[in-house]
Every structure is written in C-alpha cells, then in structure tokens.
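Just so we're aligned, residue 1 is where the sequence shown starts under the UniProt record's numbering, counting upward by one. Note that the Cβ used here is the ideal one computed from N, Cα and C, for glycine as well. Model, not experiment: these values are computed from the prediction. Here's the structure, in structure tokens; my notes come after.
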Amino acid sequence: MYLELDGKGPLYDQLTRALKAAVLDGRIIAGTQLPPTRALAQELELSRTTVLAAYEQLRAEGYIDGRVGSGSYVSDLQARPAMHHDDTTIPAPSRYAQRAREVRNWDIPRMHRGLRYNLQYGIPLINPALNNAWGRELARAAAYTQLRISDVAGLAALRKQTCDYLARRRGVQAEPDDVLIVSGTQQAIELTTRVLLNEGDRVVLEEPHYFSAHQALVAHGANLTAVRTDEQGLVCGELPAQSPRLIYVTPSHHFPTGAVLSLQRRLELLRYASEHACWVLEDDYDGEFRYDAHPLAALRSLDERDRVIYVGTFSKVMFGGLRLAYMVMPAALRGDFLNAKYFSDIACPAIEQAALAHFMEDGGFERHLRLVRKELKVRREALIEGLKEHARDRVEISDTAAGMHLVAWLRGYDLARCQALIEYAHERGLGLHPMAPLYIHAPKRQGLLLGYCGLSVMELREAMQLFGHCLDHFERH
1 MYLELDGKGP LYDQLTRALK AAVLDGRIIA GTQLPPTRAL AQELELSRTT
51 VLAAYEQLRA EGYIDGRVGS GSYVSDLQAR PAMHHDDTTI PAPSRYAQRA
101 REVRNWDIPR MHRGLRYNLQ YGIPLINPAL NNAWGRELAR AAAYTQLRIS
151 DVAGLAALRK QTCDYLARRR GVQAEPDDVL IVSGTQQAIE LTTRVLLNEG
201 DRVVLEEPHY FSAHQALVAH GANLTAVRTD EQGLVCGELP AQSPRLIYVT
251 PSHHFPTGAV LSLQRRLELL RYASEHACWV LEDDYDGEFR YDAHPLAALR
301 SLDERDRVIY VGTFSKVMFG GLRLAYMVMP AALRGDFLNA KYFSDIACPA
351 IEQAALAHFM EDGGFERHLR LVRKELKVRR EALIEGLKEH ARDRVEISDT
401 AAGMHLVAWL RGYDLARCQA LIEYAHERGL GLHPMAPLYI HAPKRQGLLL
451 GYCGLSVMEL REAMQLFGHC LDHFERH
C-alpha cells in the first residue's frame, strides 16, 4: 500500500492523515480490507503501536469498521473527486480580497531585519522603564477587571481618561459617549471606509500620503483624488469641484513631510467639508511630539459642524504591541461606527484597556510622554547634525521640529539612482526608506524618510557617517 507521510507532527497523526486522504480521494474504495497492523507496520517501517493508534483514530471517526476475527474495512463513505490543480475550479474571491492582494504586493517600505542601522519610521521609542510600569498595571487590572466582554465602545474608564487627555493636550472637547476605542489606527481607517464608502466613492488623499491609508482605501474600491501638499500642508484651493465623500488628512504633522496645516487652510478645509457635505478623517498619529513649542490644537477642535472624525493612537506613544487607539465620532455617525466595530471584533481586550486607564489616571502616561519627548528631541538633533556633517549640501532636510521622523531630499537623484543608493546602503547594514512609494503620481524629486526612534544617539551618528560614505561612493560612480 502506497502512503506518503507529510512529516508534520507525531507519526500516528501522519499515518492517520495519509489513510484519510486515500479513502476520501477514492484510492482505497469502500469495503476494502486494510492490511493487518503488523503487516502495514513492517511495510512502512513503523512501529505496530503507531499503526494501531492510527487505526483506532480512524475507527473513532467512522472511516473504518472493525470486524471481530476478520480485520478492518473501509466504511461506505462518499468519496470525493480526485484533486486537480485547475484554478478555474476554485471560486473567485471577492473584489475586496482581489484588490487587497494587489495593494499588499506593492513595493512599500517594509521592516528590514538584520540591519545594523535601520532608519525605520513609525516605530515607537523603547522606554525601558515602561516595561516594569506596564507589567504592574496589567497585574493590577487582571486582579479586578471583569472577565466578560467589555462595552463595544470601549471601557468607560478609558474613554473618560481619553476625553480628559484630549481636552488638555489637543484642545478637543468630547464626552465619553463620543469616543470609540479601536485596535489601532488601521482599524479606525478600516471602520471609516465601511461606514462611509461604497465602491467608486470619491476620496481625497494628501500627496504624498500615509501608505497604509492608501492601501485600505484602494482595497475598499475608493476612487482616489490626490491633492498636493506644500510647506503649509494640504493645498485646499486644489480640492475637487465635485464633492468627495471623504477627505483623509494628517494636519498636525503631515505624513510624511512634517508640514503643519496652517490655520487659514484649516478653516478653509472645514468650510469646504460643510459646503460639500463630506466628512474629514483627521489622523493625529504623533501630535504629542513637538520639540520647539506646545502641541498644536487638533483640527477637530475647530469643527463647529461636526464633520471631523478624529483618530489618535496609544500605540505610537507607548509601544507597538499595544493595539489600542481611539476615535472621536461625529454624533450622526455614532451608531454606525459602533455597529461596524461590533461586527469587526465586538470589543477591544478589557484588561489592557483597564491597565491603560489607570496608567493615565495615575500620571504614568504623562510621565512617559515627557521622557519620550525629551529623548526624541535629543535623537532628532543627533540625526540632523549627522546629516549636516556627512551628507552636507547633497541633501535638503525637511523638518518641522516634531514627530518621529524627518525627510531628506536627495539632490540630483532620479528614481533609479535613489533605489541603487538604498540597495548599496542595505548591503552595508544601513536601512534607508524611499519617499517615492508614498506618492500616487511620480514625485518630481527623490527623498528618504528617516526615522530616529529605533537607534540611540551614538548609533544615529554612526549611521550618518555610513550614509555619508554611501553618498561619496555614488559621487565617484
């Protein structure tokens, strides 16, 4: 008897799966007597105990019948057709799944492992003191948090602390009923697409833009319109005459350039949203981190017509594994967002929410922010000093003294030369990340998005020295 074991797991499991497949595929037909356990064990070079265990499992599941004094026989089952590898027989996935496959295959910046110096952006700074503090908060929360599923909107205590924090730090006035706790910014974007968009609906996206927002919108079938940004953020005068359904913006610290949307343009954007009856999704992904002034008030704080859906995240300011963020929902959409959240995952984990709520109430969250803000400022300065020393006038630094990254525009580089520089640096242990994938239309100049959270001050200085050597190499060739 020919049986091929797959090499996964215990031998009796492998043999059981092989015999099941032979029965279901019709290679062993109903009524066939199986070989005696001793004979099959010798043939397959297995122990008899292994064969006995497999036969017992098959008998328990109804694949074979044991007849006293006669042996084991294959039960009368409806055999399935032999497997074919013709893709035309496989039902096509949904249009959403097909689009999601395409966008996930785009050449977007990804995490590079094994590099000595990786200037990856979007990675929160690691605060060693946070590990112990967070462990204590989790232990405390686990001792008293109810184990049933929490409110779909999120734990009441965390929503209250979020409101207090937003009022102090971002100028946003909200009640706990306005707040929805979600599993990260990406879920907030996904819920917004579900609630607001049908396939083909027009959505305005900043150019350049946050690539994961772009991916989510494309996967949902949105009709994207890219609107240019400059040193004052989104150029509102170029918003389309035809009303979009949604406008996605990062006004407090434009991703990726760092531009801050001016007050005049904020008012212009809100006026446009009101006149065109559209919604604005404000992604305030790192508004806590400003190093030369107090944090700016959020766009939502100026919204008198309740057109802005505000999104903030705890993951960026705490640690990436904490998949908690929050939305401030317009009153007209509150019920729809709660329904979308319920159908997505019912609710976020209660123990983590309770731990975070107490961490905020006890002042630990603010202490952590102060420490991180101070350290990031030092690292940012080290990166800029290193660029000025080693890259000199070969790059133009675009920086707004805020956030967790900055942009270095390369002088005299086209797309192919920029990609070659990135590959050359990668081979030498330096992770560089291009700006080009963050555009819908090809950019006029090439740049690098440099994150400074993941490296120490010393590592940043060494990374910039290596970056300078890479630029030197391309000057000579």
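Check: Whole-Å CB distance - ALA277 paired with THR400, under 8 Å assumed; Outcome: Not confirmed; about 32 Å, so no contact.
Check: Top-ranked residue by Cα proximity to VAL395, from LEU322, LEU450, PHE359; Outcome: LEU450
Check: Extent of the continuous alpha helix (DSSP H) run through HIS405; Outcome: Unbroken run through HIS405 is the beta strand (DSSP E), 405 to 410; no alpha helix (DSSP H).
Check: Counted within 10 angstroms of its Cβ, other Cβ atoms place TYR248 as buried (16 or more) or exposed; Outcome: buried
Check: Residue closest to ASP336, alpha-carbon to alpha-carbon, out of LYS444, ILE440, TYR73, LEU191; Outcome: LEU191
Check: Beta carbon of CYS470 nearer than 8 Å to that of ALA425; Outcome: yes
Check: Buried or exposed (CB count within 10 angstroms, at least 16 for buried), VAL68; Outcome: exposed
Check: Boundaries of the alpha helix (DSSP H) in which ASN131 is found, first to last residue; Outcome: 128 to 144
Check: Length of the line joining the Cα atoms of LEU448 and LEU432; Outcome: 7 Å
Check: Distance between beta carbons of GLY454 and ILE123, contact taken as under 8 Å; Outcome: 5 Å
Check: Backbone secondary structure at GLU304 - three-state DSSP; Outcome: coil
Check: Reference GLY154, options MET327, ARG461, LEU410, closest by Cα; Outcome: MET327
Check: Counted within 10 angstroms of its Cβ, other Cβ atoms place GLN14 as buried (16 or more) or exposed; Outcome: buried
Check: Simplified DSSP state of ASP472, which is helix, strand or coil; Outcome: helix
Check: Nearest neighbour of TYR144, chosen from ALA354, ARG38, GLN446 [CA to CA]; Outcome: ALA354
Check: Identity of the residue in ASP178, ALA139, ARG170, GLY171 nearest LEU158 by Cα; Outcome: ASP178
Check: Whole-Å CB distance - PHE255 paired with ARG373, under 8 Å assumed; Outcome: Actually they do not touch by this definition, with Cβ atoms about 19 Å apart.
Check: Unbroken stretches of the beta strand (DSSP E), 3 residues or longer, contained in the stretch 428 to 466; Outcome: 447 to 451
Check: Nonlocal neighbours in the same chain, by C-beta distance under 6 Å from CYS236, ignoring five residues either side; Outcome: ARG265, GLU268, LEU269
Check: Range covered by the beta strand (DSSP E) that runs through LEU205; Outcome: 202 to 207
Check: Segment contact, 8 Å Cβ cut-off, at least three pairs: the stretch 181 to 189 with the stretch 212 to 225; Outcome: yes
Check: N- and C-terminal bounds of the alpha helix (DSSP H) containing GLY335; Outcome: 334 to 345
Check: Euclidean distance between Cα positions of ALA79 and LEU34; Outcome: Note that ALA79 scores 47 on pLDDT, short of 50, meaning its location in the model is unreliable; the coordinates nonetheless yield the value given after this. If you take the alpha carbons of ALA79 and LEU34, they lie about 17 Å apart.
Check: Inter-residue CB distance, TYR12 and LEU466 (contact presumed, cutoff 8 Å); Outcome: Actually they are not in contact, since the Cβ atoms of TYR12 and LEU466 sit about 54 Å apart, beyond 8 Å.
Check: Neighbourhood of HIS441 by C-beta, 8 Å cutoff - its chain only, sequence neighbours within 5 removed; Outcome: GLU207, ALA226
Check: Local conformation of GLN120 per DSSP, three classes; Outcome: coil
Check: Outcome for GLU282 when other beta-carbon atoms lying within 10 angstroms are tallied against a minimum of 16; Outcome: buried
Check: Complete runs of the beta strand (DSSP E) confined to the stretch 191 to 276 [at least 3 residues]; Outcome: 202 to 207, 223 to 230, 246 to 249
Check: Cα-Cα separation between GLY62 and SER75, rounded to whole angstroms; Outcome: 7 Å
Check: Residue range of the unbroken beta strand (DSSP E) whose run includes ARG67; Outcome: 64 to 67
Check: 8 Å Cβ cutoff met for GLY233 and SER262; Outcome: yes
Check: For SER315, three-class secondary structure by DSSP; Outcome: coil
Check: Coarse secondary structure for ARG290, derived from DSSP in three states; Outcome: strand
Check: Three-way DSSP call (helix, strand, coil) for ARG48 in this model; Outcome: helix
Check: Distance, THR229 Cα to TYR439 Cα; Outcome: 11 Å
Check: Cβ neighbour criterion (16 or more within 10 Å) applied to MET458; Outcome: exposed
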